[in-house]
Amino acid sequence: MNTNNNNNCPSFEELSAYFDSELDQFSLEYAHIQNCDKCQRELDAYTKVSVMLKEELSNSVPDDFSAHMINSLKRRRKRDSSVDVSPFGFFFKVAALLVLSGIIVVALIPHKSNIVQQQVSDTKVAPLIFLDKLTPSGSYTHSQLPPSRRSAAGASDSIDITNMMQVSTGQMGDENLYTSSENKDSVAVIHPKVKQVWSVDSLKHAEMQFAQFAEVAKFATNNSSITMTLKLSKKNLAQFVRNCKEDGFRLLSPSQPQPEQTHFAGNKNDSVLYTATFVQSE
Amino acid sequence: MTENAAEYDKKLISRLKLGDKSSFDELVVRYGAKAFQISFGLLSNRFDAEEVVQDAFMKVYTNIEKFRGDSSFTTWFYRIVTNLSRNKYHWHRRRGRDENVSISDNRFSGDGVQLDLEIPDRAFEPDRLLERIEAESTLMDAIKKLPEKFREVILLRHIEDMSYREIAGLLECELGTVKSRIARAREALKFKFAQAR
């Protein structure tokens, strides 16, 4: 140790920054501190304070703090049953469950002659979906839907999602069986396969938005578009569409899920294979 | 915070977003104790600190979807802890728990060593007994007497080993301000520590 000790010692701010490894290593102060006894004594004092502080606060934590906190939080979540991961979180949960556990969605059908069984591909465990091919294209209220379609949708009544979300879906899939109406009172019929095209101002922004889906979705990306495929429930598809709208994405396929609608037929938990392509707007 | 820890946090967050509650518990195990230390350091009250940590984790739980990962989880989480601690501190002040304590910056002299705040003596009030015991530590007493803004930076620096830049981001203030506050807080604590010996 150099015994250099002069009046050119840096300020306590510089010394403190040195202590925290935040001082420029090439500064004059840095060189001085390394060779100054007085500064080193100051640093020793800082070290003692630091050790004491950590020790004191560490000792303040009860031994069983983590376990106690986990239990308290569990009780609190239970007590406040409205507290759950947000609807979008629910989306993840449902989507993940569908992907990971491969829940098979089988709709009851009254007349086998009127249906075709379609296996949704592109998933590890493909669910079985029944489609009513005989239902003509058009817009329907739920009561106007053919009984077989209502039954195939897996619910006896439509689902009012007015307070749940602003959008509903009425995707036709490849076969264009149905078209949704912009009438808010109509019921959207959600096909088990939905494809949409969105226009976005920034693909990079969209990419960031969808990074969180990495574990549940498949992506195909090029310079001008991002295509995302994932499985989710009808309810969460509607939620997803709403979020896209809120993020400023513009739907380029108006015959597909309609943000204006507030009802959709069938079971909200029915699985939908959703493919969305996001293209850069000009 | 190491890169590995940050990466692991990201995985936990992803799992939590998928509804995996065990990952939430894991976050509690990883950060609960440190959050408690920070809050306890800010509030000098064990029960308040515990409540703050619980509230902070509930906020994490309910708002996890809003967390985009632009900053690290720890920055986000400790910002919640700090803000909740601030709220509680000011809530108590407004309601007179520490009505005799003025903790304005004016009390803190430019050299950072003259801390002449007066703590009301309530040693014989049963509900204050534990707090008094907790405050018996000279160092803790000194921390308690630090201005709020100084306490925040020194605790984040020492408990979580945050860099000045991280602290500046968390508290939304200038880097130089962080540097200055840490130095002044450290000087004050050093002074108090030396006095006690």
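Heads up: the sequence lines are chains A and B, in that order.
In terms of my numbering, the first sequence opens at residue 1 and continues consecutively.
In terms of my numbering, the second sequence opens at residue 1001 and continues consecutively.
Ideal placement from N, C-alpha and C gives every residue a C-beta, glycine not left out.
Model, not experiment: these values are computed from the prediction.
Since I believe residue j is in contact with residue i (beta carbons under 8 angstroms), could you give me their beta-carbon distance rounded to a whole number of angstroms?
i	j	result
Thr1074 (chain B)	Glu1172 (chain B)	Rounded, the Cβ-Cβ distance is 16 angstroms, inconsistent with contact.
Ile1013 (chain B)	Ile1080 (chain B)	Ile1013 (chain B) to Ile1080 (chain B), Cβ: 14 angstroms. No contact.
Ser199 (chain A)	Phe249 (chain A)	7 angstroms
Phe1054 (chain B)	Leu73 (chain A)	As written in the sequence, residue 1054 (chain B) is Gln, which differs from the Phe given in the question. Yes, Gln1054 (chain B) and Leu73 (chain A) are in contact; Cβ-Cβ is about 6 angstroms, under 8 angstroms.
Glu215 (chain A)	Leu1018 (chain B)	7 angstroms
Ile1038 (chain B)	Leu1189 (chain B)	Their Cβ separation, rounded to whole angstroms, is 16 angstroms, which puts Ile1038 (chain B) and Leu1189 (chain B) out of contact at 8 angstroms.
Phe1036 (chain B)	Glu1050 (chain B)	7 angstroms
Asp270 (chain A)	Lys234 (chain A)	5 angstroms
Phe1077 (chain B)	Tyr1031 (chain B)	6 angstroms
Ala1056 (chain B)	Leu1027 (chain B)	Not a contact, Cβ separation roughly 11 angstroms.
Lys1179 (chain B)	Tyr1164 (chain B)	6 angstroms
Lys1088 (chain B)	Asp1048 (chain B)	5 angstroms
Met52 (chain A)	Leu1139 (chain B)	5 angstroms
Leu1146 (chain B)	Ala1185 (chain B)	6 angstroms
Cys9 (chain A)	Lys38 (chain A)	6 angstroms
Tyr314 (chain A)	Tyr30 (chain A)	With chain A covering 1 to 282 only, the question about residue 314 (chain A) has no answer from this structure.
Run through chain A and tell me which residues come within less than 8 angstroms of residue i, C-beta to C-beta.
i	result
Arg1151 (chain B)	Ordered by position in chain A, no residue passes the 8 angstroms Cβ test against Arg1151 (chain B), which lies about 11 angstroms from the chain.
Leu1139 (chain B)	Val49, Met52, Leu53 and Glu56
Phe1073 (chain B)	None at all; the shortest Cβ gap to chain A is about 13 angstroms.
Under 7 angstroms, Cβ to Cβ, is there at least one residue of chain A near residue i?
i	result
Gly1169 (chain B)	no
Ala1033 (chain B)	yes
His1092 (chain B)	no
Ser1180 (chain B)	yes
Leu1027 (chain B)	no
Glu1187 (chain B)	yes
Phe1077 (chain B)	no
Tyr1008 (chain B)	no
Ala1183 (chain B)	yes
Tyr1089 (chain B)	no
Phe1047 (chain B)	no
Phe1057 (chain B)	yes
Lys1011 (chain B)	no
Leu1084 (chain B)	no
How about residue i: is its C-beta nearer than 7 angstroms to some C-beta of chain B?
i	result
Glu13 (chain A)	yes
Glu22 (chain A)	yes
Ala17 (chain A)	yes
Leu203 (chain A)	no
Ser72 (chain A)	yes
Gly173 (chain A)	Unreliable positioning characterises Gly173 (chain A) in this predicted model, as indicated by a pLDDT of 32, which lies under 50. The coordinate reading is nonetheless provided below. No, Gly173 (chain A) does not count as interfacial toward chain B.
Tyr274 (chain A)	no
Have a look at the DSSP bridge pairing and note the partners of residue i.
i	result
Lys74 (chain A)	Lys74 (chain A) is not bridged to any residue.
Phe219 (chain A)	A:Met228
Gln196 (chain A)	A:Ala276
Arg1086 (chain B)	Paired residues: none, contrary to the question.
Leu251 (chain A)	A:Trp198
Ser233 (chain A)	A:Ser271
Below 9 angstroms on C-beta distance, what does residue i contact in chain A?
i	result
Leu1042 (chain B)	Here the premise fails: no neighbours, minimum Cβ distance about 11 angstroms.
Phe1036 (chain B)	Leu57, Ser60, Val61, Pro62, Phe65 and Met69
Run through chain B and tell me which residues come within less than 8 angstroms of residue i, C-beta to C-beta.
i	result
Glu215 (chain A)	Ser1014 and Leu1018
Arg76 (chain A)	Gln1054 and Met1058
Gln25 (chain A)	The premise fails here: Gln25 (chain A) is roughly 15 angstroms from chain B at the closest Cβ pair, so nothing lies under 8 angstroms.
What I want to know is whether the C-beta of residue i ends up closer than 6 angstroms to one or more non-hydrogen atoms of the ligand MG.
i	result
Arg250 (chain A)	Ligands displayed in this structure: none; no statement on the ligand MG is therefore possible.
Residues of chain B with a CB under 7 angstroms from the CB of residue i: which are they?
i	result
Asn48 (chain A)	For clarity, residue 48 (chain A) is Lys in the given sequence; the question names Asn instead. Per Cβ cutoff of 7 angstroms: Phe1193.
Gln40 (chain A)	The premise fails here: Gln40 (chain A) is roughly 14 angstroms from chain B at the closest Cβ pair, so nothing lies under 7 angstroms.
Just to make sure I have the definition right: I need the residues of chain A whose C-beta is within less than 7 angstroms of the C-beta of residue i. Which are they?
i	result
Lys1190 (chain B)	Ala45, Tyr46 and Val49
Val1053 (chain B)	Met69
Arg1157 (chain B)	Asp20
Listing by chain order, which chain B residues have their CB less than 9 angstroms from the CB of residue i?
i	result
Gln280 (chain A)	The premise fails here: Gln280 (chain A) is roughly 21 angstroms from chain B at the closest Cβ pair, so nothing lies under 9 angstroms.
Taking only beta-carbon atoms, is residue i less than 7 angstroms away from chain D?
i	result
Glu14 (chain A)	Among the protein chains of the structure shown, namely A and B, there is no chain D.
TODO: Note down, in chain order, all residues in the segment 52-70 of chain A with a beta-carbon under 8 angstroms from any beta-carbon belonging to chain B.
DONE: Residues passing the 8 angstroms Cβ filter: Met52, Leu53, Lys54, Glu56, Leu57, Ser58, Ser60, Val61, Phe65, Ser66, Met69 and Ile70.
Task: Residues from the segment 236-252 of chain A in contact with chain B, defined by Cβ distance under 9 angstroms - done: The segment 236-252 of chain A vs chain B, Cβ under 9 angstroms: nothing.
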